[in-house]
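Here's the structure we're looking at; comments come further down.
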Amino acid sequence: MAKSLIIVESPTKAKTITKYLGRGYTVMASVGHVKDLPTSKLGVDLENDFEPQYVTIKGKSKVLAEIKKKAEDADKVFLAPDPDREGEAIAWHIAQELNGKAKKRKKDGKVFRVLFNEITESAIKRALQSPGEIDMKLVNAQQARRVLDRIVGYQGSQLLWNKVRRGLSMGRVQSVAVRLICEREAEREAFRPEEYWSITALLAGANPPSFDAKLHSINGEEASIENGEQAARIVQAVDGKTFVVESIERREKKRNPVAPFITSRLQQEAARKLHFSPKKTMTLAQQLYEGVEIGTEGPTGLITYMRTDSPRISNEAMAEARDVIQARFGADYLPATPNVYKTSKAAQEAHEAVRPTSAARDPESIRQYLEPDQYNLYKLIWNRFIASQMVPAILDVTRIDSTPVGTKDKYIFRSTGTVVKFPGHTAVYMEGVDKEAPTHKPKADQEAEDDNERQLPTLSEGEHLRLVAQEGQTVPGLTSKQHFTQPPPRYNEALLIKELEEKGIGRPSTYAAIISTIQDRKYVEKIEGRLVPTETGKTVNDFLLKGFPELINVDFTSHLEEQLDEVEEGTKPWVDAVRDFYNPFTREMERAKTIPGPKDTVEPPTDIPCEKCGRMMEIKWGRNGKFLACPGYKADPPCKNTQNFEKLPDGTIKIVPKQELTTDQKCEKCGSPMVVKSGRFGKFIACSAYPECKTTKPLALGVKCPQPGCGGDLVQKRTRKGRSFYACSRYPQCEFALWDRPVAKSCPTCQAPFLIEKVSKQAGRSVQCRNEDCGYREAG
1 MAKSLIIVES PTKAKTITKY LGRGYTVMAS VGHVKDLPTS KLGVDLENDF
51 EPQYVTIKGK SKVLAEIKKK AEDADKVFLA PDPDREGEAI AWHIAQELNG
101 KAKKRKKDGK VFRVLFNEIT ESAIKRALQS PGEIDMKLVN AQQARRVLDR
151 IVGYQGSQLL WNKVRRGLSM GRVQSVAVRL ICEREAEREA FRPEEYWSIT
201 ALLAGANPPS FDAKLHSING EEASIENGEQ AARIVQAVDG KTFVVESIER
251 REKKRNPVAP FITSRLQQEA ARKLHFSPKK TMTLAQQLYE GVEIGTEGPT
301 GLITYMRTDS PRISNEAMAE ARDVIQARFG ADYLPATPNV YKTSKAAQEA
351 HEAVRPTSAA RDPESIRQYL EPDQYNLYKL IWNRFIASQM VPAILDVTRI
401 DSTPVGTKDK YIFRSTGTVV KFPGHTAVYM EGVDKEAPTH KPKADQEAED
451 DNERQLPTLS EGEHLRLVAQ EGQTVPGLTS KQHFTQPPPR YNEALLIKEL
501 EEKGIGRPST YAAIISTIQD RKYVEKIEGR LVPTETGKTV NDFLLKGFPE
551 LINVDFTSHL EEQLDEVEEG TKPWVDAVRD FYNPFTREME RAKTIPGPKD
601 TVEPPTDIPC EKCGRMMEIK WGRNGKFLAC PGYKADPPCK NTQNFEKLPD
651 GTIKIVPKQE LTTDQKCEKC GSPMVVKSGR FGKFIACSAY PECKTTKPLA
701 LGVKCPQPGC GGDLVQKRTR KGRSFYACSR YPQCEFALWD RPVAKSCPTC
751 QAPFLIEKVS KQAGRSVQCR NEDCGYREAG
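In full-length UniProt numbering, the protein residues as written are 1 to 780.
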């Protein structure tokens, strides 16, 4: 029997595909990339058309050797990594290894590229029947991005180490994202709120219920009430008056369904509705795509490929969705012809929209086999897809204008109500919307938007209405309320993705990595669900704006993305795209070297005395930003006093008390609460009764010990010589230890329980899998 070898990048995908194929196929996993640029040097020949110097990733030699051995015995080799740029690069590197050892196979054409847009039996067999070749346009696009990111990350990070602080890293796209967040923060700091007032009347006619009406206009002009005195005069003029219905406008409104998910919309909706980070969304989507154990079905791919910018769906999927709608909701919910959605001009349209592989597999039928987060994401995708093929919702929108009788000025009070006449697609799915605080005085119509989903009483034009008193109202039936315009909101992850997409920064497959990286680098932190720049982020952004104004310019970055898309389309050589970036980058790099950074700037002593020795405190720069330090730290005896501070708008310095977070732990010696403190080696737990009680403990890192049955937590410790390492809190019962700092994130490739952090002067900070055979790494 002829033997065929299929190579994918994920063990989970390999397991799912094996289920669908017969004994004539062997499925192996490369476990991600097998080759990459070296970590110890630049790895790009700048003098020879940016030629990349790929090396086998540490730990992947054994995987490659096994693939080569199996390939020697196979009649055909199918390269089937994910159908995107990264997958194409993986396939290309494996093909190079195979063809380098077996030139006959290359001549005979026995190495093929196949694309699995969904992991289902029909899709896999259909792809194997019509294999193709590696798409070098995609390979070159990936190669260009990798080379660009390495040049910026390698050379730019070294500059930041010299100018700002060791351990920092610079990214081509991430730096622009940090700039957007810093600029939004600057807008908020510069914002000055404006006062405005609203007036609401509670009215009742012949038929219940009573209803609110907001002041909309005065003498034909939009109502603009700037202070309480104006509001009081209007309330006094209207108090006790009878109202009359001046006009009633009724209209039918359609609310159309929205398209099935593309990658960016999936990340935004998962953030809004499920509070998932983009990275978590993509990790879960990858699991659903590669296959989940579904009872007697075994490993089953549940969704199509999750990296796409096209809302297109196949005719087969469209027909299946219509069958489901007909059976579950009836003919009234089914449009006469299938709904087709337009694709943006920038979309590559390489894949379908993100949808279930089978519309008939509803979320509830497989809920018992999914983890809660997997179920919630699958339900979101399934609902959106089914709703996209349903009819619009029909709404009855009513607008009523009423005016008080006998006033000197003509006041129009407006009420708006909406009644769902036919739910249509909203019976399955309602799109989420981020509501932002106004930065201006909203129009009355906008203020009434929150009242839209309500039913108004049956009224007629000319009908008289009365003010209805409510408990607590100063003036019966009338309420005046003070408001202030709010600063522009900080970005949450959904809003930042939307902004990146609109400005053409990055691409759908990169948004999750961008947002994850800027948080991992401590340039941005999430506070109450919003992204806030850290002191480090602001300092790095300020320096990059001075040194690299073109590099982190939004328009420049967007134009570069268009050039990289041209590489993918085959209309621009990848070397030209890299050179178009490298030349201005080199100029800005030379200029940036001459610009003083925080390390070059000597801050003068402040006028704030040290509370311990009386010396005037100095501003220093540390791993968490600027702080006040006593200059007597080298004295004998030394004074090591430090303080947090903030600069006020007038330039004065304000001491910020150090906040100690109380834990739920009690001191083992005295019973006092334990608190979180910060020392020269990071955070630790100490007794709150210090200095009477000097008990301390290491702080758990949020990572469980991987030893089977241990149950301990990994904590930071120090050797006798002061070197940090990480060990189990249950020592000496458990002796597990490692040098690299553990990161509380599971590996998206091999599902290892945690990743580790690596820092080098050449590559900056990176997070990677501890399993060398896996090779997963988030490049710095």
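All C-beta atoms in this analysis are idealised placements derived from N, C-alpha and C, irrespective of residue type, glycine included.
Residue i - DSSP class collapsed to helix/strand/coil
{"i": "residue 788", "result": "Because the chain here runs from 1 to 780, residue 788 falls outside it and cannot be looked at."}
{"i": "serine 672", "result": "coil"}
{"i": "arginine 165", "result": "coil"}
{"i": "serine 10", "result": "coil"}
{"i": "phenylalanine 78", "result": "strand"}
{"i": "alanine 737", "result": "strand"}
{"i": "alanine 336", "result": "coil"}
{"i": "leucine 564", "result": "helix"}
{"i": "serine 558", "result": "helix"}
{"i": "isoleucine 608", "result": "coil"}
{"i": "methionine 28", "result": "strand"}
{"i": "glycine 153", "result": "helix"}
{"i": "glutamate 133", "result": "coil"}
{"i": "proline 638", "result": "coil"}
{"i": "serine 264", "result": "helix"}
{"i": "serine 766", "result": "strand"}
Sub-9 Å separation of residue i and residue j beta-carbons
{"i": "residue 781", "j": "serine 558", "result": "Residue 781 cannot be examined here, being either before or after the span of the chain that is shown, 1 to 780."}
{"i": "glutamine 267", "j": "glutamine 374", "result": "no"}
{"i": "lysine 68", "j": "glutamate 97", "result": "yes"}
{"i": "alanine 213", "j": "leucine 459", "result": "no"}
{"i": "threonine 696", "j": "glycine 291", "result": "no"}
{"i": "asparagine 492", "j": "arginine 466", "result": "no"}
{"i": "leucine 115", "j": "alanine 74", "result": "no"}
{"i": "leucine 5", "j": "alanine 71", "result": "yes"}
{"i": "arginine 146", "j": "leucine 37", "result": "yes"}
{"i": "threonine 120", "j": "serine 310", "result": "no"}
{"i": "leucine 380", "j": "lysine 273", "result": "yes"}
{"i": "proline 598", "j": "valine 164", "result": "yes"}
Classification of residue i by the beta-carbon crowding that lies within 10 angstroms, buried from 16 upward
{"i": "isoleucine 655", "result": "exposed"}
{"i": "tryptophan 92", "result": "buried"}
{"i": "threonine 416", "result": "buried"}
{"i": "valine 419", "result": "exposed"}
{"i": "isoleucine 595", "result": "exposed"}
{"i": "lysine 60", "result": "buried"}
{"i": "arginine 126", "result": "exposed"}
{"i": "tryptophan 574", "result": "buried"}
{"i": "arginine 105", "result": "Interpretation of arginine 105 is limited by its pLDDT of 42, a score under 50 that renders its predicted location unreliable; no figure is taken from the coordinates."}
{"i": "asparagine 227", "result": "exposed"}
Cβ neighbours of residue i in the same chain (closer than 7 Å, five flanking residues each side left out)
{"i": "tyrosine 511", "result": "Ser264, Gln267, Pro278, Ile497, Leu500"}
{"i": "glutamate 449", "result": "Model confidence at glutamate 449 stands at a pLDDT of 45, short of 50, so the residue's coordinates are unreliable and nothing is read from them."}
{"i": "tryptophan 382", "result": "Pro356, Asp362, Pro363"}
{"i": "valine 63", "result": "Ser30, Val31, Val34, Asp773"}
{"i": "lysine 572", "result": "Gln563, Glu566"}
{"i": "alanine 144", "result": "Leu564, Val567, Trp574, Ala577, Val578"}
{"i": "aspartate 84", "result": "Arg307, Ser509"}
Spatial neighbours of residue i in its chain, beta-carbon cut-off 8 Å, leaving aside the 5 residues before and after
{"i": "glutamate 51", "result": "Val44, Asp45"}
{"i": "valine 767", "result": "Asp520, Val743, Lys745, Leu755, Ile756, Glu757, Lys758, Arg777, Glu778"}
{"i": "serine 48", "result": "The sequence shown places asparagine at residue 48, not serine. Closer than 8 Å at the Cβ level, and outside the excluded window around asparagine 48, lies no residue."}
{"i": "glutamate 550", "result": "Phe556, Pro584, Glu588"}
{"i": "cysteine 705", "result": "Gly711, Gly712, Asp713, Leu714, Cys728, Ser729, Arg730, Cys734, Phe736"}
{"i": "phenylalanine 112", "result": "Lys76, Val77, Phe78, Leu79, Pro131, Gly132, Glu133"}
{"i": "proline 392", "result": "Lys254, Arg255, Asn256, Pro257, Gly424, His425"}
{"i": "leucine 545", "result": "Arg179, Ile552"}
{"i": "proline 605", "result": "Met616, Met617, Glu618, Pro631"}
Through-space distance from residue j to residue i, alpha-carbon basis
{"i": "threonine 18", "j": "leucine 284", "result": "21 Å"}
{"i": "glutamine 707", "j": "glutamate 735", "result": "9 Å"}
{"i": "phenylalanine 543", "j": "isoleucine 653", "result": "22 Å"}
{"i": "glutamate 189", "j": "asparagine 553", "result": "22 Å"}
{"i": "glutamine 716", "j": "arginine 741", "result": "8 Å"}
{"i": "glutamine 446", "j": "arginine 414", "result": "Note that glutamine 446 scores a pLDDT of 48, beneath 50, so its modelled location is shaky; the value from the coordinates is reported in the next line. Roughly 11 Å separates the two Cα atoms."}
{"i": "glutamate 297", "j": "methionine 136", "result": "37 Å"}
{"i": "glutamate 293", "j": "threonine 534", "result": "42 Å"}
Contacts around residue i, its chain only, beta-carbon distance under 6 Å, and the 5 residues preceding and following it disregarded
{"i": "arginine 250", "result": "Thr398"}
{"i": "glycine 709", "result": "none"}
Cβ-heavy atom distance, residue i to the ligand MG, below 8 Å
{"i": "methionine 589", "result": "This structure simply doesn't include the ligand MG, nor any ligand for that matter."}
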